[in-house]
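Colleague:
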Amino acid sequence: MPNIAFVSPKGGAGKTTAALLLALGLNARGGRVAMIDSDPNKPLVHWANLPGRPPRVTVHPAPTAEDIRDALREAQRLDPDWIILDTEGSVRGAMAFTALRLDLVLTPLAASQLEALQAIKAAEMVRQFGKRAGRTTLHRCLLTRVPAAVRPKALRLVVDELRASEIQLLDTPLIEKEAFRQLFMVGGGLEGLAEVGQSGLAAAQANAAAYVAAVLALLDQAKTSEAP
Ligand SMILES: Nc1ncnc2c1ncn2[C@@H]1O[C@H](COP(=O)(O)OP(=O)(O)OP(=O)(O)O)[C@@H](O)[C@H]1O
Ligand SMILES: [Mg+2]
1 MPNIAFVSPK
11 GGAGKTTAAL
21 LLALGLNARG
31 GRVAMIDSDP
41 NKPLVHWANL
51 PGRPPRVTVH
61 PAPTAEDIRD
71 ALREAQRLDP
81 DWIILDTEGS
91 VRGAMAFTAL
101 RLDLVLTPLA
111 ASQLEALQAI
121 KAAEMVRQFG
131 KRAGRTTLHR
141 CLLTRVPAAV
151 RPKALRLVVD
161 ELRASEIQLL
171 DTPLIEKEAF
181 RQLFMVGGGL
191 EGLAEVGQSG
201 LAAAQANAAA
211 YVAAVLALLD
221 QAKTSEAP
């Protein structure tokens with residue numbers, strides 16, 4: 001059962017959105033997904049309380065650090081195929097990732113220098129913890145909220161900055177899409193968003209599916225390189 005966490009000390013980086021898109025995408029491929037919402041603002045709990053939650057996507061609140069073990073136990077009882085942890089956007093909140101043995105940590109960031117610095121900080125937190133715990137955790141940054149008409153120069157600067165710190169990016173960025181925002185107002189999955197125009201929705205669905213495929217390919221690749 002792979003465990004994946006979304007971690008960044010930067011508030012509003014896009015963690016919860018990327019976490020939910022991954023959960024919905026894995027569910028669409030037939031997976032049972034348990035999400036642990038360790039943000040005291042409980043954005044995923046709110047989403048789950050809206051209509052349309054796929055029954056095989058569950059949300060388990062852990063509003064304080066002490067609650068994470070219980071939420072994990074509750075999640076594991078459902079025997080999920082995936083566990084996804086969403087953390088709060090603060091240095092303290094980000095440390096929630098240390099409560100789980102993780103197969104992958106993703107750090108969303110927008111294509112700006114400020115966000116790159118925060119993403120580097122997140123990568124460093126994961127690296128340092130791995131060193132102390134005696135195991136390395138697979139980590140990738142994830143560009144998100146990328147405007148459809150992206151300025152290639154801004155993008156290149158961020159990619160170069162991350163590369164200089166030996167941080168890798170997931171192949172597929174998430175585009176800035178109204179549909180991704182709407183999920184948290186309407187509930188359920190992308191397919192239920194009638195109010196987003198048909199073309200906007202199709203593009204959002206294609207982008208979300210490509211992102212989920214990139215995560216799966218990365219985990220596959222990691223598994224293969226681990227095998228004796
Ligand atoms: N790809 C995207 N397209 C459009 N809007 C997005 C996208 N990703 C995130 N957003 C919007 O940006 C805002 C912040 O996103 P989100 O809540 O996912 O970030 P977060 O890192 O979880 O924040 P926090 O640190 O507060 O938990 C939200 O309003 C969300 O709807
Ligand atoms: Mg969040």
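For the sequence shown, the residue numbers in this note's numbering are 1 to 228. Note that beta-carbon positions come from the ideal geometry of N, C-alpha and C, so glycine has one too.
Following a CB-centred definition, is residue 115 positioned closer than 8 Å to any heavy atom of ligand 1?
Modeller: To locate residue 115, count along the sequence shown from 1; it is residue 115. Answer for residue 115: no, Cβ out of range of ligand 1.
Colleague: Alpha carbons only, please: which of 24, 156, 90 is nearest the one belonging to residue 40?
Modeller: The residue you call residue 40 lines up with position 40 of the sequence shown. Closest by alpha carbon: 90.
Colleague: Decide if residue 3 is buried, meaning its Cβ has at least 16 other Cβ atoms within 10 Å, or exposed.
Modeller: Along the sequence shown, read from residue 1 onward, the residue named residue 3 stands at position 3. Looking at its Cβ environment, which holds 16 or more other Cβ atoms inside 10 Å, residue 3 is buried.
Colleague: Please tell me whether residue 119 and residue 13 are closer than 9 Å, where the distance is taken between their beta carbons.
Modeller: The residue given as residue 119 occupies position 119 in the sequence shown. The residue given as residue 13 occupies position 13 in the sequence shown. Cβ atoms of residue 119 and residue 13: closer than 9 Å.
Colleague: Label residue 9 either buried or exposed according to how many other C-beta atoms from any shown protein chain fall within 10 Å of its C-beta, with 16 as the threshold for buried.
Modeller: Position 9 of the sequence shown, counted from the first residue, corresponds to residue 9. Buried, since its Cβ has 16 or more Cβ neighbours within 10 Å.
Colleague: Less than 6 Å between C-beta atoms, sequence neighbours within five positions excluded: which residues of the same chain meet that for residue 108?
Modeller: Locating residue 108 in the sequence shown gives position 108, where the first residue counts as 1. Contacts found: 13, 14, 15, 18, 142, 144.
Colleague: Which of the three DSSP states is assigned to residue 94 in this structure?
Modeller: Working through the sequence shown from its first residue, we reach residue 94 at position 94. Helix at residue 94.
Colleague: Which residues have a Cβ closer than 7 Å to any heavy atom of ligand 2, listed in chain order?
Modeller: Selection output, chain order preserved: 15, 16, 39, 43, 86, 88, 89.
Colleague: At which residue ranges does the region 166 to 210 contain complete alpha helix (DSSP H) runs of 4 or more residues, listed in the order of the chain?
Modeller: Whole alpha helix (DSSP H) segments, 4+ residues: 178 to 186.
Colleague: Please report how far the alpha carbon of residue 112 lies from the alpha carbon of residue 208, in whole angstroms.
Modeller: The residue given as residue 112 occupies position 112 in the sequence shown. The residue given as residue 208 occupies position 208 in the sequence shown. When rounded, the distance between both Cα atoms is 22 Å.
Colleague: Hey, would you say the C-beta of residue 195 is under 8 Å away from at least one heavy atom of ligand 1?
Modeller: Residue numbering aside, residue 195 sits at position 195 when the sequence shown is read from its first letter. Outside the cutoff, so no.
Colleague: What three-state label does DSSP hand residue 125 in the structure shown?
Modeller: The residue given as residue 125 occupies position 125 in the sequence shown. Correct three-state label for residue 125: helix.
Colleague: For residue 107, which of helix, strand or coil comes out of DSSP?
Modeller: On the sequence shown, position 107 is the one that residue 107 refers to. It is a strand residue.
Colleague: Once DSSP output is grouped into helix, strand and coil, what is the label at residue 150?
Modeller: Stepping through the sequence shown from its first residue, residue 150 is reached at position 150. Correct three-state label for residue 150: coil.
Colleague: Work out the CA separation of residue 196 and residue 180 for me, nearest whole Å.
Modeller: The residue given as residue 180 occupies position 180 in the sequence shown. The residue given as residue 196 occupies position 196 in the sequence shown. Between residue 180 and residue 196, the C-alpha separation is close to 10 Å.
Colleague: Work out the CA separation of residue 159 and residue 96 for me, nearest whole Å.
Modeller: Locating residue 96 in the sequence shown gives position 96, where the first residue counts as 1. Locating residue 159 in the sequence shown gives position 159, where the first residue counts as 1. Distance between the alpha carbons of residue 96 and residue 159 is about 27 Å.
Colleague: Within the same chain, show all residues whose beta-carbon is closer than 6 Å to that of residue 172, passing over the 5 residues directly before and after it, in chain order.
Modeller: Counting from 1 along the sequence shown, the entry for residue 172 is found at position 172. The answer, listed in chain order, is 210, 211, 214.
Colleague: Assuming residue 3 is part of the beta strand (DSSP E), what are its boundary residues?
Modeller: Within the sequence shown, the letter at position 3 stands for residue 3. Unbroken beta strand (DSSP E) run through residue 3: 3 to 6.
Colleague: What residues in its chain sit with their C-beta under 6 Å from that of residue 48, if we drop five residues either side in the sequence?
Modeller: On the sequence shown, residue 48 is found 48 positions in, with the first residue counted as 1. Answer for residue 48: 59, listed in chain order.
Colleague: When burial is assigned at 16 or more other CB atoms within 10 Å of the CB, is residue 1 buried or exposed?
Modeller: Counting from one through the sequence shown, the residue named residue 1 turns up at place 1. Exposed, since its Cβ has fewer than 16 Cβ neighbours within 10 Å.
Colleague: Would you mind reading off the limits of the beta strand (DSSP E) that contains residue 34?
Modeller: For the purposes of this step, residue 34 is taken as residue 34 along the sequence shown, with counting starting at 1. Counting along the chain, the beta strand (DSSP E) containing residue 34 begins and ends at 33 to 37.
Colleague: Between residue 80 and ligand 1, is the CB less than 8 Å from at least one heavy atom?
Modeller: Within the sequence shown, numbered from 1, the residue matching residue 80 stands at position 80. Outside the cutoff, so no.
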